[in-house]
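Participant:
Residue numbers (the numbering used here): -11 to 384.
1) Quick check on this structure: which residue in 147, 367 and 66 has the alpha carbon closest to the alpha carbon of residue 251?
2) How big is the Cα-Cα spacing for residue 98 and residue 276?
3) Unbroken alpha helix (DSSP H) runs of length 4 or more, entirely within the segment 38 to 109: which are they?
4) Can you have a look at residue 302 and say buried or exposed, based on whether 16 or more other CB atoms are within 10 angstroms of its CB?
5) Measure the beta-carbon distance from residue 81 to residue 128 and round it to whole angstroms, keeping in mind my assumption that it falls under 8 Å.
6) What are the boundary residues of the beta strand (DSSP E) that includes residue 201?
7) To the nearest angstrom, report how far apart residue 299 and residue 140 are at their CA atoms.
8) Just the C-alpha distance for residue 352 and residue 363, rounded to the nearest angstrom, thanks.
9) Between residue 0 and residue 165, is the Cβ-Cβ spacing less than 7 Å?
10) Could you tell me the alpha carbon to alpha carbon distance between residue 369 and residue 15, rounded to whole angstroms?
11) When you compare the segment 256 to 265 with the segment 326 to 340, are there three or more beta-carbon pairs, one atom per stretch, that lie closer than 8 Å?
12) Does the distance from the CB of residue 113 to the CB of residue 95 come in under 7 Å?
13) Drop a sphere of 10 angstroms on the beta-carbon of residue 143, count the other beta-carbons inside from all chains shown, and report buried for 16 or more, exposed for fewer.
14) Might you give, ordered along the chain, the residues of its own chain that have their beta carbon closer than 8 Å to the beta carbon of residue 226, omitting 5 neighbours on each side?
15) Should residue 198 go down as buried or exposed, given a rule of 16 or more other Cβ atoms within 10 Å for buried?
16) Going along the chain, which residues of its own chain have a beta-carbon closer than 6 Å to the beta-carbon of residue 76, five neighbours each way excluded?
17) Please state the DSSP three-state secondary structure of residue 276.
18) Of the residues 180, 13 and 162, which one's Cα is nearest the Cα of residue 42?
19) Are the beta-carbon atoms of residue 163 and residue 2 separated by less than 7 Å?
20) Return the chain-ordered ranges of every alpha helix (DSSP H) run that is complete within the segment 298 to 355 and spans a minimum of 4 residues.
21) Name the residue from 223, 359 and 204 whose alpha carbon lies nearest to the alpha carbon of residue 293.
22) Starting from the Cα of residue 345, find the closest Cα among 361, 374 and 319 and give me that residue.
23) Is DSSP giving residue -3 helix, strand or coil here?
24) Residues in its own chain within less than 8 Å of residue 32 by CB, not counting five upstream and five downstream?
25) Compare the C-alpha of residue 360 against each of 380, 343, 311 and 246 and name the closest.
26) Going by DSSP, which residues form a beta bridge with residue 150?
27) Residue 35 by DSSP, collapsed to three states: which one?
28) Along the chain, where does the beta strand (DSSP E) that runs through residue 158 open and close?
29) Provide the residue(s) that pair with residue 140 in DSSP beta bridges, ordered along the chain.
30) Between residue 159 and residue -5, how many whole angstroms is the CB-CB distance? I'm expecting something under 8 Å.
31) Do residue 202 and residue 185 have their CB atoms nearer than 7 Å?
32) Just to confirm, are residue 133 and residue 239 a CB contact at a threshold of 7 Å?
33) Could you spell out where the alpha helix (DSSP H) holding residue 185 opens and where it closes?
34) So, residue 150 versus residue 188, is the Cβ gap smaller than 7 Å?
See the structure below:
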């Protein structure tokens, strides 16, 4: 038996932030990240709209990029004291992801973080509150997904939490918020969205419900991302919707080892984090070439290439054409080709090699690996990660 789950309501279009004026409820905790939502006036609009709806609010600010277990627990404590019937999260993927995890600890204070790591093992939510998400970036699609990524900094591991319980009740997809993204963030989130759609299409859990969403998202992203990167308003709007479609697809079809590798390399190194969307962009062509050794996966990558108008004589040539298109996009978006070149050598070769075995093992055990069309061995994962570090060809 398969399942397809989306938010109860998705409001989209410019100005839909004002939908909050009609929200029924008594109290809401509003979760937000850094200062951009406040700086551009969107946080004040959220608070004013909720006030007009007659809802008392409590603000939880300062969710960091790659939110930590500690931040989640602090937010849950605020919720336990304030007792909201709505959790409203606004911003990029980080505050929305953090708020999803806070939700579980708010409703079940005795829950341990370790209890939530097992995919689809969350307790039943909506006993105390419902969840509304407002994305400001065009990539994670966490406003429509059953996923959240939380980082345990003591262990240096990102944990993807997965459960249909944490699919938001309402998503407000207002492209006005995406206008504020700087170019680098636009590039990284856009390639994250492309990775979501491609991995969903070739996932072993894909279905007739997810395939059209994934393919349409891919077409919209390839047509609009470069112009969105340059600041075109119409392209920004298209990207905001495309990433949402990609989210609907991967929330139900799941993902693959591009994300497994990005999760486990993201927080593994001492000098800083490899930004998630950038990691996906660097790893995606390597993983496509690896997965294409699987005949069914190769045929589905060829479907994507055909949908993009890439006509090549054979399936494998179409697969290579898709990889070349992605690599060309990375160059146009100023994304490096490999980890070694990331942020002027932020990850030293000695540290990469010293941690390779453990990072590979963690990537294999990641929740996203199970739906990849080709399950890598320890040796294969180490070779893949090395190819992504040194920009080596993948022919195994």
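Glycine included, every Cβ here is placed at the ideal spot set by N, Cα and C.
Facilitator: In short:
1) 147
2) 42 Å
3) 57 to 70, 81 to 95 and 101 to 105
4) The residue is exposed, with fewer than 16 neighbouring Cβ atoms inside 10 Å.
5) Yes, they are in contact, since the Cβ atoms of residue 81 and residue 128 sit about 3 Å apart, within 8 Å.
6) Where residue 201 is concerned, there is no enclosing beta strand (DSSP E), although the alpha helix (DSSP H) it sits in stretches over 199 to 217.
7) Distance from the CA atom of residue 299 to the CA atom of residue 140, rounded to whole angstroms, is 45 Å.
8) 8 Å
9) No, the pair does not count as a contact, with Cβ atoms beyond the cut-off.
10) 47 Å
11) For the pair of segments examined, the segment 256 to 265 was found to touch the segment 326 to 340: the number of CB pairs separated by less than 8 Å reaches three.
12) yes
13) It counts as exposed.
14) 208, 211, 212 and 216
15) buried
16) 16, 18 and 120
17) helix
18) Distance check between residue 42 and each of 180, 13 and 162 places 13 closest, using alpha-carbon atoms only.
19) yes
20) 303 to 320 and 337 to 353
21) Minimum Cα distance to residue 293 is reached at 204.
22) 374
23) strand
24) 26
25) Comparing Cα-Cα distances from residue 360 to each of 380, 343, 311 and 246, the minimum goes to 246.
26) DSSP, once it has assigned bridges, lists 135 as partnering residue 150.
27) In the structure shown, the three-state DSSP call for residue 35 is helix.
28) In the DSSP assignment, residue 158 falls within the beta strand (DSSP E) that extends over 158 to 161.
29) 145
30) 5 Å
31) Between residue 202 and residue 185, the CB-CB gap stays under 7 Å.
32) Between residue 133 and residue 239, the CB-CB gap stays under 7 Å.
33) Run containing residue 185: 171 to 190, per the alpha helix (DSSP H) assignment.
34) no
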